[in-house]
Amino acid sequence: MIEATLPQASLLKKIIEAVKELVDEANFDFSETGIRLQAMDKSHVALSFLHLREEGFSEYRCDRAQTLGIGLGSLSKILKCAANDDQVQIKASDSAETLELAFESAGKDRVSEFKLKLMDIDTDSVDVPDMDYQATVSMSSQEFARIVRDLLSIGDTVSIDATKQGVRFSASGDDGKGSILLKHQKTVDDEKNTPANTTVQINEPVSHSLALKYLSNFAKAAPLADRVTINLIEDAPVMFEFKISDIGHIRFYLAPQIDEDMDV
Amino acid sequence: MIEATLPQASLLKKIIEAVKELVDEANFDFSETGIRLQAMDKSHVALSFLHLREEGFSEYRCDRAQTLGIGLGSLSKILKCAANDDQVQIKASDSAETLELAFESAGKDRVSEFKLKLMDIDTDSVDVPDMDYQATVSMSSQEFARIVRDLLSIGDTVSIDATKQGVRFSASGDDGKGSILLKHQKTVDDEKNTPANTTVQINEPVSHSLALKYLSNFAKAAPLADRVTINLIEDAPVMFEFKISDIGHIRFYLAPQIDEDMDV
Amino acid sequence: MIEATLPQASLLKKIIEAVKELVDEANFDFSETGIRLQAMDKSHVALSFLHLREEGFSEYRCDRAQTLGIGLGSLSKILKCAANDDQVQIKASDSAETLELAFESAGKDRVSEFKLKLMDIDTDSVDVPDMDYQATVSMSSQEFARIVRDLLSIGDTVSIDATKQGVRFSASGDDGKGSILLKHQKTVDDEKNTPANTTVQINEPVSHSLALKYLSNFAKAAPLADRVTINLIEDAPVMFEFKISDIGHIRFYLAPQIDEDMDV
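Protein chains in written order, with full-length UniProt numbering: chain A, 1 to 264; chain B, 1 to 264; chain C, 1 to 264.
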């Protein structure tokens, strides 16, 4: 028996919107400590991780660990039927064939109930080791989304170069090239970063070329978090992390392109 | 000779937007007491009624009863040329071949004149008797529009179930099913319903299955009225009424589907 | 060596948006006194002139006259990467193969650099003599854009009739006809026209028929200027002028259609 309640449907809506760009269907692993999802995108290039801790829910109960295969397009349609400030409850009995969702309006005068058919999804679990990244960029998630959108109009690939001075995003295409430099700004207290502030914590300069179309998908998570961190290390996937306040995070891993072309 | 003036073009715009979803061309019957329109949709399933009383116009003159056949697409295009707060005057001489429209800006510095060719339209008049409905639901028209839009993402057919407790809208489709319950809320004074309030006046519980695509068309009338009433009775079309303040109403009739499937 | 700086990227964005509707690629002539562009549209019917005076730039330097051939679609894409209040600098060395653009955010923490490949464009320069127009209409550019959009839903051709009473725009099509009259309003001081005010300075009444699709393109310049002047004279192209405050203007010339049909 699973029962999990969130006071605001908007949070769940945003989470599913962020994940469904990359993945059509996914296994949600429910356990005592919360919900985890791990999924490769259709082309097996980008890896998405979602972790929602039980203490982030207003109510959470999971009698025994259970994996629910969910079509994200269908779930997204159902969530569109919830008002942003509806309370949302998700429920599944043991060996359930459907996920039950209930939305209750703030005034309790409107109750919506939906049942979504569950799916059997084959997945291989990938083990992603924790890494000591060479460089960590912390920046506004809105600014990240904007840079990705802007550079997509120039080319297909972005080079991300992190140095002590800041982080540079560059792309080139048939008509020309472009690069955007965000300067590192010292802050007295990292926790009090203003949303527009950029910081680069760096051991060694590192640079990677990445396919912009995936970053464009990752950017769909911007509504979930004011800031994104980009974690870089030589010879390993780049990790993008969006912290979801008080409840967890969503992480995307993307392998760099081998042919790096960084001159702009 | 017909002359009818409305102080705000926005009202006429909204009326035509609501009707043109269902009907391409329609006969407008002008008489001393006002304007009436009755039209079946193209698939002869839904019936639209419009009644605008002469006292709702700032000026109204109709020397003798006259029927004007109007293409609603063309009329809608012309009305797009009026600012919302323009005064609008419609005019037709006896046995006219065109409808004349004049829009005058509040400052009177801008006068637009349009002529729309009239059409000969064959229609059969349908007699719709007044009924003692078993159940009348009064609810926010915005909420109605939203529920219809939400359930369209689930399935094609909605079941409307009216009971003393409230009204339930439900639909099912390939991915699952959904239902939305609006609870009946007692009000001291029905005239003072808040827009979000739902009331169900009921003699006997009644439930009908209806094609959502028609309800989606009816919902285009939501900008005309804060509230919609849904009137249900066994073995007869469901009537949706939007009252247009101080001037009249628009009513839609839709025959229920015979194969009722109401379990959700 | 060319270097020109504008304090607000929004101005350059609006200019390029206005011109790129008519012209895919164009030669920009840089000289000591400023920048000029002259281009025929693809169908060789409408002529666009742009003039930006050097004193309108916060910095301007042009060592020797130079013509840069620029693809406006690509330039527009690059300008989308500038925030509206970014400072924008354009730069080209002598015999450059690329135009360099730099956008700097107000806080100077974000610097974007773009390089756009230049093109060789063959153009014939057209000499447009200054004229003593018979009638000059000065009106709100928003109102102009709106009338053009409205009449496009009626027909393909607009007749513009300027008289002492005002200016009338009319069109006719299959469904009917429409005309919009803006009355001439005396103003004590022409420089202090309110945006919604219309004035007609007239020596002789004049009327021309013009293809609405070009006017629809000209109307893209409305964000650049509160007002547009329409300058009419018998047997010569109509000139539409949008003054760009403190820096220059954009002018469009359009030959009238020979078969004038002005009865509405």
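Backbone N, C-alpha and C define an ideal beta-carbon position, used for all residues, glycine too.
Remember, predicted model here, so these are calculated numbers, not experimental data.
- Put simply, the backbone Cα of K243(A) is about 19 Å away from that of P237(A).
- In the same chain as N203(B), and ignoring 5 residues on each side of it, the C-beta atoms closer than 6 Å to its own belong to Q134, in chain order.
- For N217(B), the uninterrupted alpha helix (DSSP H) run begins and ends at 212-218, by DSSP.
- Of A92(A), N197(A), F169(A), G166(A), the smallest CA-CA separation from L116(A) is found for A92(A).
- Around the beta carbon of N84(B), fewer than 16 other beta carbons sit within 10 angstroms, so the residue counts as exposed.
- The beta carbon of R64(C) lies closer than 6 Å to none in the same chain, with the five residues before and after it left out.
- Here G56(C) carries a helix assignment [DSSP, helix/strand/coil].
- D29(C) sits in a strand when the DSSP states are folded into three classes.
- Scanning the region 224-248 of chain C for uninterrupted beta strand (DSSP E) segments of 3 residues or longer gives 227-232, 238-244, listed from N- to C-terminal end.
- For V158(C), the closest C-alpha among the options P256(C), S10(C), V45(C), G71(C) is that of P256(C).
- In chain order, K80, C81 make up the part of chain A whose C-beta sits under 7 Å from the C-beta of D150(B).
- A direct Cα-Cα distance of roughly 45 Å separates F30(A) from S105(C).
- In this structure, DSSP gives G73(A) a helical state, which the three-state scheme calls helix.
- Rounded to the nearest whole angstrom, the CA to CA distance from S207(A) to A162(A) is 6 Å.
- For E241(A), the number of other beta carbons within 10 angstroms of its own is at least 16, and it is reported as buried.
- Within its own chain, the residues whose Cβ lies closer than 7 Å to the Cβ of C62(C), once the five positions on either side in sequence are excluded, are I2, F30, S31, E32, listed in chain order.
- The beta carbon of E17(B) does not come within 8 Å of any beta carbon belonging to chain C, so the residue lies off that interface.
- For L151(B), the enclosing alpha helix (DSSP H) has its first and last residue at 141-152.
- Per DSSP, A9(C) lies in no beta strand (DSSP E); the unbroken alpha helix (DSSP H) holding it starts and ends at 9-20.
- Below 8 Å, enough C-beta pairs join the region 125-134 of chain A and the region 36-55 of chain A to call them touching: three or more.
- Bounds of the beta strand (DSSP E) holding M40(B) are 34-40.
- For E3(B), the enclosing beta strand (DSSP E) covers residues 2-6.
- Look at the region 27-41 of chain A: it has no residue with a C-beta under 8 Å from a C-beta of chain B.
- At a cut-off of 8 Å between beta carbons, I180(A) contacts chain C.
- For V111(C), the nearest beta carbon of chain A is closer than 8 Å to its own beta carbon.
- Close to chain C, meaning a Cβ-Cβ distance shorter than 7 Å, are the following residues of the region 155-177 of chain A: D175, G176, K177.
- Around the beta carbon of T123(B), a 10 Å sphere encloses fewer than 16 other beta carbons of the protein chains shown; the residue is thus reported as exposed.
- Minimum Cα-Cα distance from Y253(B) among the listed residues K108(B), D246(B), N197(B), N217(B) corresponds to N217(B).
- One finds D109, R110 in chain B with Cβ atoms closer than 9 Å to the Cβ of T198(C), taken in chain order.
- Annotation: Q201(C) has no Cβ neighbours in chain B at a cutoff of 9 Å; minimum Cβ distance is about 17 Å.
- Rounded to whole angstroms, L101(C) and V88(C) show a C-alpha spacing of 7 Å.
- For K186(C), no Cβ of chain B is located within less than 8 Å of the residue's own Cβ.
- In this structure, the beta-carbon distance from L68(A) to L118(A) falls below 8 Å.
- Proximity to G155(B) across K177(B), A145(B), K220(B), V137(B) peaks at K177(B), based on C-alpha coordinates.
- Apart from sequence neighbours up to five positions away, the residues of its chain that approach E21(C) with a beta-carbon distance below 7 Å are N217, K220, ordered along the chain.
- Taking 8 Å as the cut-off, the beta carbon of I15(A) is found no closer than this to the beta carbon of L212(A).
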